[in-house]
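Heads up: the structure comes next, in structure tokens.
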Amino acid sequence: MLAACKPPPTDADIAVSEPAAPRGPSEPIDSPDTEGAIWADSAVPARIIYGIAGEPSLISLGCIEAQGVPTIRLTRYAQADANAKAFAALIGNGHISRIPIDATEVDGEWLWQAELPASDPDWEVLTGRREVAVTIPGAGRVVLNPSPRPGVLIESCIASAPAETISGDAAPVQ
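What the sequence shown shows, in the working numbering, is residues -15 to 158, in sequence order.
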């Protein structure tokens, strides 16, 4: 029969057919010490950055336009696994928000980024004047010291929306 024409399997065949060892997520990083951290203006308009002077930034908040809608972009400056997805937990000011956050390639580096419309109620956690904790799986817990600056950015971003966007579903008058 034809089966006799094929050579028997070898160790080399097994090595080729074995799947690569599964690779899990990167090791989580320690939560940074945020004592003395502040919000500061960025060189990029409509963006503020959070960190300690002289050290790498920890988080930024920016107002961008996404599909014609004023949108807040939160960036966590911590290495993320390529294409990873998670939820960022934001807790403070009497609110708890869980925001979808994705690993995004920025200038050749994978960082955590979330984007939601500026008017989304999940951003209300940042509009008070008390401490807020931002936790992203594997990227640690960043404590945002009390500041009105995130709330001011969010409110100004909402205000930048065209009138028909702010007023709701009403169709423009023709």
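Built from N, CA and C at the ideal position, the CB exists for glycine as well.
Item to check | C-alpha gap between Glu148 and Ala98, whole angstroms | outcome: Residue 148 sits at position 164 when you count from the first residue of the sequence shown. Residue 98 sits at position 114 when you count from the first residue of the sequence shown. Because Glu148 carries a pLDDT of 49, less than 50, the predicted location of this residue cannot be relied on, and no value is offered for it.
Next on the checklist: Quick check on Glu108: does DSSP put it in helix, strand or coil?
Outcome noted: For the purposes of this step, residue 108 is taken as the residue at position 124 of the sequence shown. In the three-state DSSP reduction, Glu108 falls in the helix class (H, G or I).
Item to check | Inter-residue spacing [alpha-carbon to alpha-carbon] between Pro130 and Gly92 | outcome: Here residue 130 refers to the residue found at position 146 when the sequence shown is read from its first residue. Here residue 92 refers to the residue found at position 108 when the sequence shown is read from its first residue. Using only the alpha carbons, I get a separation of about 32 Å.
Item to check | Candidates Ile48, Pro16, Leu95 and Ala24: closest to Ala37 by CA position | outcome: If you number the sequence shown from 1, residue 37 lands on position 53. Here the closest residue by C-alpha is Ala24.
Checklist entry - On the three-state DSSP scale, how would you describe Glu49? => result For this step, residue 49 is matched to residue 65 along the sequence shown. The answer is strand: DSSP assigns Glu49 an E or B state.
Checklist entry - Taking Cβ positions, are Ile170 and Ser44 nearer each other than 8 Å? => result One cannot answer for residue 170 here, as it falls past the ends of the chain, which runs -15 to 158.
Checklist entry - Got a sec? Which residues, its chain only, sit under 6 Å from Pro101 by beta carbon, not counting five neighbours each side? => result Taking the first residue of the sequence shown as position 1, residue 101 is located at position 117. Apart from the 5 residues on each side of it in sequence, Pro101 sits with its Cβ closer than 6 Å to the Cβ of Val53 and Thr55 in its chain, given in chain order.
Checklist entry - How is Arg113 classed by DSSP in three states: helix, strand or coil? => result Residue 113 sits at position 129 when you count from the first residue of the sequence shown. Arg113: coil per DSSP, three-state reduction.
Checklist entry - Using CA coordinates, which residue listed in Gly112, Ala73 and Val126 is at the minimum distance from Ile13? => result By one-based count along the sequence shown, residue 13 stands at place 29. If we check each option's Cα against that of Ile13, Val126 comes out closest.
Checklist entry - Exposed or buried, Pro29, counting other C-beta atoms within 10 Å across all chains shown (16 or more means buried)? => result Position 45 of the sequence shown, counted from the first residue, corresponds to residue 29. Exposed, since its Cβ has fewer than 16 Cβ neighbours within 10 Å.
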